[in-house]
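Chains as they are written, first to last, in my numbering: chain L, 71 to 689; chain V, 328 to 475.
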Amino acid sequence: MATPSTEIVESDILIIGGGMSGCGAAFEANYWGQNLRVVLVEKAVIERSGATGEGLSAINCYMGQRYGWNTPTDFVNYVVNDMMGLAREDLVYDVGRHVDSSVHLLEEWGLPIWKKENGEYERIGRWQIPIHGESIKPVTAEPARTALGPENLYERVAVTHLLTDANDPERIAGALGFSVRENKFYVFKSKAVLITSGGASNVFRPKSINEGTGRTWYSVFATGSAYGLMIPIGTEMTQMEHRFVPTRFKDGYGPVGMWFQYFHAQVLNAMGEDYTVTRDDELRKYEPYGSAVPTPTPLRNHQMFLDIQAGLGPMYMRTDQAMQRLAAGDPAKMDEVRAEAWEDFLDMTISQALTWAALDIAPEDTPSEVVLAEPYIMGSHSGEAGAWVSGPEDLSPPDYFWGYNKMTTIRGLFAAGDGVGAAPHKFSSGSFTEGRLAAKAAVNYVTDNQAAPTLDDAQVKSIQEAIMAPMDTFDRHKGASTAEEVNPNYITPRQGLVRLQKIMDEYAGGTSMAYTTNDATLVRGIHLIELLREDLAHLAARDRHELMRCWELVHRTWVGEAHMRHLLHRKETRWPGYYYRADYPKLDDENWRVFVNSKYNAANNSWDVFTKPYHKIVT
Amino acid sequence: MPTFVDPNTCNACAGEHQGPLCVYICPNDLMVLDVDVNKGLNREPEMCSECYACVKLCPQEAIHVRGYADFVPLGASVQPHRTEDGLTWDVHFRDGREFSFTYPSRTRPAGTVEPYQNFTEQRDADLRNQSLAGESLWLGVPDLPTIK
Ligand SMILES: Cc1cc2nc3c(=O)[nH]c(=O)nc-3n(C[C@H](O)[C@H](O)[C@H](O)COP(=O)(O)OP(=O)(O)OC[C@H]3O[C@@H](n4cnc5c(N)ncnc54)[C@H](O)[C@@H]3O)c2cc1C
Ligand code: SF4
Ligand code: SF4
Numbered sequence: 071m072a073t074p075s076t077e078i079v080e081s082d083i084l085i086i087g088g089g090m091s092g093c094g095a096a097f098e099a100n101y102w103g104q105n106l107r108v109v110l111v112e113k114a115v116i117e118r119s120g121a122t123g124e125g126l127s128a129i130n131c132y133m134g135q136r137y138g139w140n141t142p143t144d145f146v147n148y149v150v151n152d153m154m155g156l157a158r159e160d161l162v163y164d165v166g167r168h169v170d171s172s173v174h175l176l177e178e179w180g181l182p183i184w185k186k187e188n189g190e191y192e193r194i195g196r197w198q199i200p201i202h203g204e205s206i207k208p209v210t211a212e213p214a215r216t217a218l219g220p221e222n223l224y225e226r227v228a229v230t231h232l233l234t235d236a237n238d239p240e241r242i243a244g245a246l247g248f249s250v251r252e253n254k255f256y257v258f259k260s261k262a263v264l265i266t267s268g269g270a271s272n273v274f275r276p277k278s279i280n281e282g283t284g285r286t287w288y289s290v291f292a293t294g295s296a297y298g299l300m301i302p303i304g305t306e307m308t309q310m311e312h313r314f315v316p317t318r319f320k321d322g323y324g325p326v327g328m329w330f331q332y333f334h335a336q337v338l339n340a341m342g343e344d345y346t347v348t349r350d351d352e353l354r355k356y357e358p359y360g361s362a363v364p365t366p367t368p369l370r371n372h373q374m375f376l377d378i379q380a381g382l383g384p385m386y387m388r389t390d391q392a393m394q395r396l397a398a399g400d401p402a403k404m405d406e407v408r409a410e411a412w413e414d415f416l417d418m419t420i421s422q423a424l425t426w427a428a429l430d431i432a433p434e435d436t437p438s439e440v441v442l443a444e445p446y447i448m449g450s451h452s453g454e455a456g457a458w459v460s461g462p463e464d465l466s467p468p469d470y471f472w473g474y475n476k477m478t479t480i481r482g483l484f485a486a487g488d489g490v491g492a493a494p495h496k497f498s499s500g501s502f503t504e505g506r507l508a509a510k511a512a513v514n515y516v517t518d519n520q521a522a523p524t525l526d527d528a529q530v531k532s533i534q535e536a537i538m539a540p541m542d543t544f545d546r547h548k549g550a551s552t553a554e555e556v557n558p559n560y561i562t563p564r565q566g567l568v569r570l571q572k573i574m575d576e577y578a579g580g581t582s583m584a585y586t587t588n589d590a591t592l593v594r595g596i597h598l599i600e601l602l603r604e605d606l607a608h609l610a611a612r613d614r615h616e617l618m619r620c621w622e623l624v625h626r627t628w629v630g631e632a633h634m635r636h637l638l639h640r641k642e643t644r645w646p647g648y649y650y651r652a653d654y655p656k657l658d659d660e661n662w663r664v665f666v667n668s669k670y671n672a673a674n675n676s677w678d679v680f681t682k683p684y685h686k687i688v689t
Numbered sequence: 328m329p330t331f332v333d334p335n336t337c338n339a340c341a342g343e344h345q346g347p348l349c350v351y352i353c354p355n356d357l358m359v360l361d362v363d364v365n366k367g368l369n370r371e372p373e374m375c376s377e378c379y380a381c382v383k384l385c386p387q388e389a390i391h392v393r394g395y396a397d398f399v400p401l402g403a404s405v406q407p408h409r410t411e412d413g414l415t416w417d418v419h420f421r422d423g424r425e426f427s428f429t430y431p432s433r434t435r436p437a438g439t440v441e442p443y444q445n446f447t448e449q450r451d452a453d454l455r456n457q458s459l460a461g462e463s464l465w466l467g468v469p470d471l472p473t474i475k
């Protein structure tokens, strides 16, 4: 294979990932940093990349401050309860107080938002507003693309590693990546770097098999890069034990929020019982969160889980009852309700619409199965895994503030969206907002720290060799077997992914283990994942596309390992319905209402896992 | 499959300056041009999320979706067609029933946004405060909330 060429790109601010938070960051950084060079690198094309590429049917984070609907303080109270007591109040408040401006801008840029007769936004629940959101991503990307200019946007470049300064391992210096389309490396040298590269799907073995494994709940494009980039350089992470187990329409992963909150549909078991009524007592075991209104998402899951384990399934979303009730016998009204019901899927989860059509399900006549899916690890939706970042100066107590909002513990390295931990429920609009906040802080940082970082050339060269190694491995060893896929010298990225998923499923409390694990199981799982991490040095790639899959797997494996190490550290069951510690089945607020943080140390390949205190700021 | 290309309608995006549009847009780098036959091809169906980005963009409407083999029975289809400001979806059930739904997807034409129009935040004086660009215009309340 010909030696790849290398392009060196120097910038003041480098944004890695052009999803919701990356587009917000590009927009904001170019406003404040008029004289700075802001570069965005994206492994796909920003018009459809990331978790919102397929579209959305709702914006799930909107305060409506101008209508007097909610204050940022209301938002913090809600989020902390939904997370069973654990979220960084400063970070959540910060998103809440700014998010409306982002939503209003998205509307100005062309996003159609449903309106009531009086001109106010329509509402689904307390925080959600319905949109005609099939094109939310192109609408979000357009101003980012314009603000950046074509010379500063590098698409189809997959970033694999972050680089720290040659003289200071606690300071960021840039990133490395390769072109997915050309035989080319990229060395990005930058004073500040923003991690906006999304959450992690496909870490746990999915319920789907074979072809259906592309239909994960969180986007299959979410490859854990935000974490997989930050962990290896020693960035402090938080709440990596947290996960989200979505209740979704079976197989197609159609969302349920609109059905519960807008259509007021119920999920009933096969006996016609409502688990939120029959299992109300169960909530008392998890006070004070059990009495919170609304009931926290994990506890709702837990109630449904108990029904399923008791053999009372299938569970059915009674779309039929809800739609008939809303239409009340009026055919014109039924046409309207039907169009709204289908739009929820067609704007966001088209597979579910196809699944309905293939099963001859007209939702006004036939209820649909809902299930608990496999776990997902992310920081912007209902999960809170990610980097431990500084809060804003006016909100954060001293140990939550170190100079620049959203800066990680590596100087000059910022994060947003799925990359920030302990700050959940941001969703699309909040991630976009957090990207903006991180970008403005990064402009401040660069203004104060103008010296260019120093790269360690020898390190850059050795990482470049490691990046290409899977292609060399394939070339060198393919002759050892008549079958490309069965070779004693290497594994393919697909084989590695399946191995990761099996370990996570069986040892970290996946679906086949009824979300249950314990100390001994985790210790065993961590050993197996260490072996996997060693074997990742023997990945093989036939082409650049597979090379990208190799590095996605490396990133996902970091997520899996961090998840297990954090699970092991937290000696309680804080989120029943998401996972159960068989050896510590109770929620223990007295000892464990703290954040679990970790740092990986590359020098001796070890992990430090510890806790950080919870500060009440508004609750 | 999930997406598949109808070889009779794909023309390899002849005349499109960005080349084959499905190859250009796929967020997961799945679509390629099969050089032997000069047609679009999904090279890794088990990584296709059925996000429909390629389906929506294909100028020939040559890309369709056959639901995932592990759980979707045969015989149904969901196919979008571009309208001036959105999409019309034709939904075809396995039992032959047909529905059609039309939704808007943007309120202004692509390429008409000026990112910082009428923003008043001062790039130097406001750099250190908590306000984001354009918030005096777009936040919806006069003062940014704080708690100290
Ligand atoms: C199925 C689903 C339904 C959802 N429903 C809603 C909803 O109804 N309402 C709502 O408000 N929100 C919803 N969300 C949440 C919302 O989509 C996310 O919160 C938001 O997109 C997170 O933003 P982000 O920038 O962190 O990640 P993303 O938007 O996913 O962006 C990450 C970007 O990084 C790029 N990238 C990743 N790795 C690399 C790499 N190594 N090198 C270069 N680039 C890389 C990706 O291609 C992508 O462009 C939903 C999400 C999903 C998946
Ligand atoms: S976009 Fe359509 S016409 Fe163009 S190459 Fe792909 S399938 Fe063929
Ligand atoms: S549906 Fe989406 S993931 Fe599948 S090939 Fe098309 S663009 Fe790629």
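Backbone N, C-alpha and C define an ideal beta-carbon position, used for all residues, glycine too.
Just so it is clear, the structure is predicted and the values come from calculations on it, not from any experiment.
Asked                                                                                                                       : Found
Any beta strand (DSSP E) of 3 or more consecutive residues that is wholly inside the stretch 436-493 of chain L             : 438-442, 483-485
Proximity test, M90/L beta-carbon vs ligand 1 heavy atom, cut-off 7 Å                                                       : yes
Where W184/L sits in the DSSP three-state scheme                                                                            : coil
Proximity to R349/L [Cα-Cα], best of G327/L, Y356/L, Q373/L                                                                 : Q373/L
Option in M418/L, V516/L, V209/L with minimal Cα separation from F484/L                                                     : V516/L
Q529/L: first and last residue of the uninterrupted alpha helix (DSSP H) it sits in                                         : 527-547
Cβ-based contacts, 9 Å cut-off: residues of the stretch 429-440 of chain V near chain L                                     : T429, Y430, P431, S432, R433, T434, R435, P436, A437, G438, T439, V440
Nearest neighbour of M341/L, chosen from I86/L, N371/L, T586/L, G383/L [CA to CA]                                           : G383/L
Residue nearest to R640/L in terms of C-alpha spacing, selected from G647/L, L657/L, W628/L, V629/L                         : L657/L
Short-range partners of chain L found in the stretch 368-380 of chain V, where Cβ spacing is below 9 Å                      : R370, E371, P372, E373, M374, C375, S376, E377, C378, Y379, A380
Closer than 7 Å: I86/L CB and nearest ligand 4 heavy atom                                                                   : Judged by which ligands are present, ligand 4 is missing from the structure shown, whose ligands are ligand 1, ligand 2 and ligand 3.
The alpha helix (DSSP H) enclosing A511/L, as first and last residue numbers                                                : 497-518
Proximal chain L residues relative to A396/V, where beta-carbon distance stays under 9 Å                                    : N280, E281, G282
Chain V contacts from the stretch 607-634 of chain L (Cβ-Cβ distance under 7 Å)                                             : H615, M618
Element boundaries [alpha helix (DSSP H), containing Y101/L]                                                                : 90-102
Contact check, A262/L vs G489/L, beta carbons under 8 Å                                                                     : no
Q394/L, DSSP secondary structure in three states                                                                            : helix
Three-state class that DSSP yields for H419/V in the structure shown                                                        : strand
Closest residue to I183/L among R433/V, Q444/V, E441/V (Cα-Cα distance)                                                     : R433/V
I83/L and A245/L closer than 8 Å at C-beta                                                                                  : no
Residues of the stretch 349-364 of chain V whose Cβ lies closer than 7 Å to any Cβ of chain L, in chain order               : Y351, I352, P354, N355, D356
Meets three-Cβ-pair contact criterion under 8 Å: the stretch 188-197 of chain L and the stretch 124-143 of chain L          : yes
Contact list for D321/L against chain V, beta-carbon separation under 7 Å                                                   : F398
Closest residue to G269/L among E454/L, A610/L, W426/L, Q135/L (Cα-Cα distance)                                             : E454/L
Heavy atom of ligand 3 within 7 Å of I199/L beta-carbon                                                                     : no
Distance, Y670/L Cα to V273/L Cα                                                                                            : 19 Å
Runs of alpha helix (DSSP H) lying entirely within the stretch 264-346 of chain L, each at least 4 residues, in chain order : 295-300, 327-331
Buried or exposed by the 16-neighbour rule on C-beta atoms within 10 Å, applied to F680/L                                   : exposed
C-beta neighbour in chain L for P442/V, strict 8 Å                                                                          : yes
Segment contact, 8 Å Cβ cut-off, at least three pairs: the stretch 296-303 of chain L with the stretch 249-267 of chain L   : yes
Cβ neighbour criterion (16 or more within 10 Å) applied to Q309/L                                                           : buried
6 Å Cβ shell around V593/L - same chain, five flanking residues per side excluded                                           : none
L601/L burial status per 10 Å Cβ neighbour count (16 or more: buried)                                                       : exposed
Min CB distance N341/V to chain L below 8 Å                                                                                 : Sequence check: residue 341/V is Ala here, not Asn. Chain L, which has no Cβ nearer than 8 Å to the Cβ of A341/V, makes this no.
Separation of H625/L from R251/L, as counted between CA atoms                                                               : 20 Å
Closer than 8 Å to chain L by CB, T410/V                                                                                    : no
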